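Under the UniProt record's numbering, the sequence shown has 130 at position 130, and the numbering climbs by one with no breaks.
We treat Cβ as the ideally placed atom computed from N, Cα and C, and that holds for glycine.
If you're wondering where the values come from, they're calculated on a predicted model, not measured in any experiment.
Shown next, in structure tokens, is the structure this report addresses.
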Amino acid sequence: MDVTSLSLLIGTATDIRQVRVDPTSGSCVNVGTAVPCATNLSLTPDPLRSVVWSASLDDDGRVSTVHTGPEGPRAGTSSPTGGAVPCHVGLVAAQGSARTVAVANYSGHNVGIVSSIDVTDPRGGATLEATVDFGEGSHPHQVLPLGNRLVVSDLGLDSLHLLDRDDPTNITGRIQLDQGAGPRDAVLIGEHLVVALEVGNAVGLVQLDRDDDATITGGRQVARHDFTGAPEQTHPSQIIADSRGRALVLNRGSDTLCVVEVADGRITSVTEHDVPAWPMDLVEVDGTVLVACRDADVVVALDLDDPDTELFRFAVPSPNALVIL
1 MDVTSLSLLI GTATDIRQVR VDPTSGSCVN VGTAVPCATN LSLTPDPLRS
51 VVWSASLDDD GRVSTVHTGP EGPRAGTSSP TGGAVPCHVG LVAAQGSART
101 VAVANYSGHN VGIVSSIDVT DPRGGATLEA TVDFGEGSHP HQVLPLGNRL
151 VVSDLGLDSL HLLDRDDPTN ITGRIQLDQG AGPRDAVLIG EHLVVALEVG
201 NAVGLVQLDR DDDATITGGR QVARHDFTGA PEQTHPSQII ADSRGRALVL
251 NRGSDTLCVV EVADGRITSV TEHDVPAWPM DLVEVDGTVL VACRDADVVV
301 ALDLDDPDTE LFRFAVPSPN ALVIL
């Protein structure tokens, strides 16, 4: 990592804190006073880098902004999401300082559309514009913006819903996965989605169909890699694309970081590397992967080219979510 200081926003079981880390020594210093919150499961960076979106894993169903700066984090706008246990925030539209976001409400069986947000005004308001309901048994977990579509991973219905980004209340299609797959999160690698199948204890590969305007019209699952171990003990979860064109997947329970390579419409390689207990989130910066390990109360830094090599670590109580500032 070619930096002398690293700034992070970290969601924990009780707060959202801004920290500064020395990559050489691994020392970690809190910046300002943490923002109290319920258990935080998701932090999503805004195009305005000083703003981060927060969804808290509770029954109140609220989405909030957190504003960062030299003095530390500040709580900003907060709005109902139209459902319980919001898991993830996806950006729908950004025009100047105005934002519209979509929130996956895991226990609400829906996605909430929240608009009229001015990200330059921490005291500004927001409006719950609509909810998009997927019916009984639905458990939306992620909203992934891809071009003019929003892809919603639905762990309960074993499917990926497609929403029109210009009108998110318009469900344009659905990609059905294997029964019992339980898709949690997905990431785009080339023309494929790599999907963490939490219930199915696997990663799936989905070929996307597009029309002449490159709009996603549908897709189909074309490959799958099953992890070893009992499904009730292993939980593929958070997934990102790395700078090498691969997918990195955290597997809770088995406590591993999985590297997934894709080529020619196939999953060509999967390697697993041990990490501390119950990894919840990960980010990459300059060839270094940071992993938030909740039950170990630590964030570890690993070499992207050799994930078995730990570069440094620092203590954080119950870290759940990470954003590079």
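C-alpha distance - residue i paired with residue j, whole-angstrom precision
i      : j      : result
ILE324 : VAL262 : 26 Å
ARG294 : VAL283 : 15 Å
ASP274 : THR4   : 27 Å
VAL270 : VAL259 : 5 Å
SER64  : PRO80  : 9 Å
THR33  : GLY72  : 6 Å
LEU205 : LEU43  : 25 Å
CYS37  : ASP15  : 5 Å
LEU157 : HIS225 : 20 Å
HIS192 : GLY245 : 12 Å
ASN320 : GLY11  : 5 Å
GLN95  : LEU41  : 27 Å
ILE239 : ARG123 : 33 Å
GLN179 : ILE189 : 23 Å
VAL19  : GLY26  : 12 Å
ALA315 : ASP213 : 48 Å
VAL114 : HIS88  : 13 Å
GLY112 : GLY82  : 5 Å
PRO23  : LEU6   : 7 Å
VAL51  : GLY229 : 39 Å
ALA292 : GLY219 : 32 Å
ASP305 : LEU144 : 27 Å
Sequence-distant residues of the same chain with beta carbon closer than 7 Å to residue i, five excluded per side
i      : result
ALA84  : ASP59, GLY61, ASN105, SER107 and GLY108
HIS161 : PHE134, VAL152, ASP154, ILE171 and ARG174
SER116 : GLY125, ALA126 and THR127
THR217 : GLY173, ASP209, ARG210 and ASP211
Beta-carbon proximity list for residue i, same chain, < 8 Å, skipping 5 on both sides
i      : result
LEU48  : SER97, VAL119 and THR120
GLN233 : GLY253 and SER254
THR215 : GLY147, ASN148 and ARG149
PRO70  : VAL31
LEU177 : ASP158, SER159, LEU160, PRO183, VAL195, LEU197, GLY204, VAL206 and GLN221
Same chain only: Cβ atoms within 6 Å of residue i, ignoring 5 sequence neighbours per side
i      : result
THR39  : ALA13 and LEU57
ASP164 : ASN170 and THR172
ALA75  : VAL35
ALA301 : THR288, LEU290, LEU311 and PHE312
LEU93  : One point to set straight first is that residue 93 is Ala, not Leu, in the sequence displayed. If we look at ALA93 and ignore the five residues flanking it on each side, its Cβ neighbours are THR100.
THR309 : ASP303
PRO307 : LEU257 and HIS273
For residue i, the nearest candidate out of the options (CA to CA)
i      : options                           : result
ARG149 : GLY190, SER50 and ASP166          : ASP166
ASP242 : LEU144, THR228 and ASP303         : ASP303
SER54  : PRO70, LEU250, PHE227 and GLY90   : GLY90
VAL187 : ALA126, LEU146 and GLN179         : LEU146
ASN251 : PRO236, VAL21, GLN179 and ILE267  : PRO236
ASP264 : SER7, GLY229 and GLN207           : GLN207
ARG266 : ALA223, PRO317, SER318 and VAL111 : ALA223
VAL168 : VAL103, ALA181 and HIS88          : In the sequence on display, residue 168 carries Pro and not Val. That would be VAL103, whose Cα lies nearest to the Cα of PRO168.
GLY137 : LEU144, GLY182 and GLY112         : GLY182
LEU322 : SER78, SER159 and PRO45           : PRO45
ARG17  : SER159, THR68 and ALA247          : THR68
ASP281 : THR268, ASP305 and SER318         : SER318
Contact with chain B by residue i, beta-carbon distance below 8 Å
i     : result
ASP59 : The question asks about chain B, but that chain is absent: this structure has only one protein chain.
For residue j and residue i, believed in contact at Cβ under 8 Å, the rounded distance
i      : j      : result
ARG184 : GLN142 : 7 Å
VAL21  : LEU8   : 6 Å
VAL203 : VAL249 : 6 Å
ASN110 : PRO140 : 7 Å
beta-carbon residue i near the ligand PLP non-hydrogen atom, thresh 7 Å
i      : result
ASN201 : Summarising the ligand content, the structure contains no ligands, and the ligand PLP is consequently not present.
Open item on the list: Within 8 Å, do at least three Cβ pairs link the stretch 264-278 to the stretch 293-312?
Closed with: Result yes; three or more Cβ-Cβ pairs closer than 8 Å.
Task: Cβ contact (3+ pairs, closer than 8 Å) linking the stretch 124-138 and the stretch 186-205 - done: Here the stretch 124-138 makes no contact with the stretch 186-205; the two share fewer than three CB pairs at distances below 8 Å.
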